[in-house]
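First comes the structure, then the notes that go with it.
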Amino acid sequence: MVRECHSSSYKLYDRALESLVGGVNSPVRAEPRPTPSFVDRGDGAELVDVDGNRYCDYIMGYGPLLFGHDLPEPVREGVSEAVADGPMYGVPTDVEVELAEFIIDHVESVERLRFVNSGTEATAAAARLARGYTGRDKIVVMQSGYHGGHESFLVDGNVDDRKPGSAGVPDAFAAETIPVPFNDEDVIRDVFERHGSEIAAVLTEPLLGNCGIVLPVEGYHETLRDLCDEHGSLLIFDEVITGFRVGGLQCAQGKYGIEPDLTTFAKIIGGGFPVGAIGGRAEIMQAFAPTGDVFESGTFNGHPVTMVAGLETLRFAREHDVYSHVNELGRQLRSGLQDLVEEHTPEYTVTGIDSMFKILFTRDAPDTMDGHCRAGCKQRPECPRFELCPKTGADVRAGETDRWKRTFWPALADRGVLLTPNQFESQFVSYAHTEDDIERTLDAYQEVLSTKVG
Ligand code: PMP
């Protein structure tokens, strides 16, 4: 056991419960039992909690921390200088232009950008832009996808029976948002047949990164692209997680060879500071004020500290072996996990891509384990495990999520491995992780999977 004592975290949690709603500022942080560990500091690939326990961290801030917890020198220096110059101005700066140019230079589909402060703001603004530009109201999203906590996309259900995904969201929003199963060509074709002329946009992550990690079946993106083109709808890729992670500097859209009309970014492009962005074809983006009549604005938009952190982060990633390092360790980890799962829990599925990974607690026993796909699964029908790999959010939600929460997650935390506390969020390997970390992590998984400690 590595994690032995929680007494300082217990005390802080008790205190927090008297001042913060549920003791936290984002609900997922309250999920760990018996208490969330309060962080003292980050150190490379590790988090150190207030009781002195050290964890090999795969939450990585839910995605922004490409380098781990220690920022490379140029990022740290840039941030310090920006702070020393005065934290923000509400007046344009050169660094926001440079960051925009960097993104435009690397992401083929992006010609103009608007920087905002979170992924939620980015997708909310992208929805308004798509509606304003097309003059239509309906947006198609993927069931179990997540695009931030705002009215347009907090919608559950299916094409014919949709309802608000949170108290406080009016039914009127559910009327305009159509959830479809990811990877299901028949359903999306049917939706376009029935509603094509009302659809402003299809919004999807290139792979579902908030629902276990579900990879696209070959051809699905192309179908979305074709349907949007045929019906005058926009294709929006939400690359809040995948942007500048999957596919490196070209993002997931470069890796999959698809050009969306609009892209939302966040996380990595802020180098660990709050950020979001909408990017896309100039003709569409110009519909935003001040050139167009789709309103969007923000006191902190293009915040100089964030912009410099993002710019230096992306430059560092371009000039060093960052993506080859994180992707190779991701591959090693998935491959090792695949071996463990085959031996101990063949009903589970290892999934992920590049530096993202997850074990899904799916229940169906495979009929063959020969020639299964390992790293870089392409969801190809000829794969013997094709039928077993999750294709939709519902497939992931059918897994043993209780086991994850009640016992598996804490058993790994006790062994010094910090995973995302709910089973739907992706986990990330950072530039700070080493082969030793991967070995240690696999040892911990081995103990937990083999004994079903969970
Ligand atoms: N889109 C996706 C794909 C996300 O994963 C998230 C958050 N994890 C968001 C949007 C919302 O981003 P934020 O938390 O920065 O508001």
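In terms of this note's numbering, the sequence shown opens at residue 7 and continues consecutively.
Ideal placement from N, C-alpha and C gives every residue a C-beta, glycine not left out.
Q. How many Å lie between E479 and V332 at the Cα?
A. The structure shown does not extend to residue 479, since the chain is modelled only from 7 to 460, so the question has no answer here.
Q. In whole angstroms, what separates the C-alpha of T129 from that of T210?
A. 11 Å
Q: Label V97 either buried or exposed according to how many other C-beta atoms from any shown protein chain fall within 10 Å of its C-beta, with 16 as the threshold for buried.
A: exposed
Q.
What does the Cβ neighbour count give for F430, buried or exposed, with the cut at 16 atoms within 10 Å?
A. buried
Q | Buried or exposed (CB count within 10 angstroms, at least 16 for buried), R337 | A | buried
Q: Count the other C-beta atoms from every protein chain shown that fall within 10 angstroms of the C-beta of S43, then say buried if there are 16 or more, exposed otherwise.
A: buried
Q) If you run the structure through DSSP and keep just helix, strand and coil, what is Q433? A) strand
(Q) Only counting the same chain, and skipping five residues up and downstream in sequence, which positions put a Cβ closer than 8 Å to that of S124? (A) G154, A272, P280, V281 and G282
Q. In whole angstroms, what separates the C-alpha of S341 from that of T413?
A. 24 Å
Q: Return yes when the C-beta of H153 is under 7 Å from any heavy atom of ligand 1, and no when it is not.
A: yes
Q: Pull up the distance between the alpha-carbon of T407 and that of F367, whole angstroms please.
A: 7 Å
Q. Would you say Y68 touches ligand 1, meaning its beta carbon is less than 7 Å from a heavy atom?
A. yes
Q. Mapping DSSP to helix, strand and coil, what is F108?
A. helix
Q. In the DSSP assignment, what residue or residues form a beta bridge with E52?
A. D49 and C62
Q. Nearest-angstrom Cα distance between M148 and Q344?
A. 27 Å
Q.
Using 8 Å for Cβ pairs, my map puts P187 next to G163. What's the rounded Cβ distance?
A. With a Cβ gap of about 12 Å, P187 and G163 do not count as contacting.
(Q) Rounded to whole angstroms, what is the Cα-Cα separation between I284 and R47? (A) 32 Å
Q) Taking C-beta to C-beta, are F179 and V161 nearer than 8 Å? A) yes
**Q.** Cα-Cα separation between D235 and M291, rounded to whole angstroms
**A.** 18 Å
Q.
I want to know whether the region 300–320 touches the region 75–93 - three or more CB-CB distances under 8 Å.
A. yes
Q.
Could you check whether the Cβ of E4 sits closer than 7 Å to any heavy atom belonging to ligand 1?
A. In the structure displayed, the chain extends from 7 to 460; residue 4 sits before or after that span and is not available.
Q) Is F73 buried or exposed, if buried means 16 or more other CB atoms sit within 10 Å of its CB? A) buried
Q: For my contact list, G50 and A438 are in at a C-beta cut-off of 8 Å; report their separation, rounded to the angstrom.
A: 4 Å
Q: Go ahead and pull the three-state DSSP assignment for T351.
A: coil
Q.
Checking 8 Å against the spacing of the C-beta atoms, do I247 and A207 come in under that value?
A. no
Q.
Once DSSP output is grouped into helix, strand and coil, what is the label at I205?
A. strand
(Q) Let's test the definition: count the other Cβ atoms within 10 Å of the Cβ of K364 and tell me whether it reaches 16, buried, or not, exposed. (A) buried
(Q) With H, G and I counted as helix, E and B as strand and the rest as coil, what does DSSP make of R380? (A) Here the model assigns R380 a pLDDT of 41, short of 50, so the residue's position is not dependable, and the following value carries that caveat. Coil at R380, not helix or strand.
Q: Tell me, please, which residues DSSP counts as bridged to V147.
A: P185
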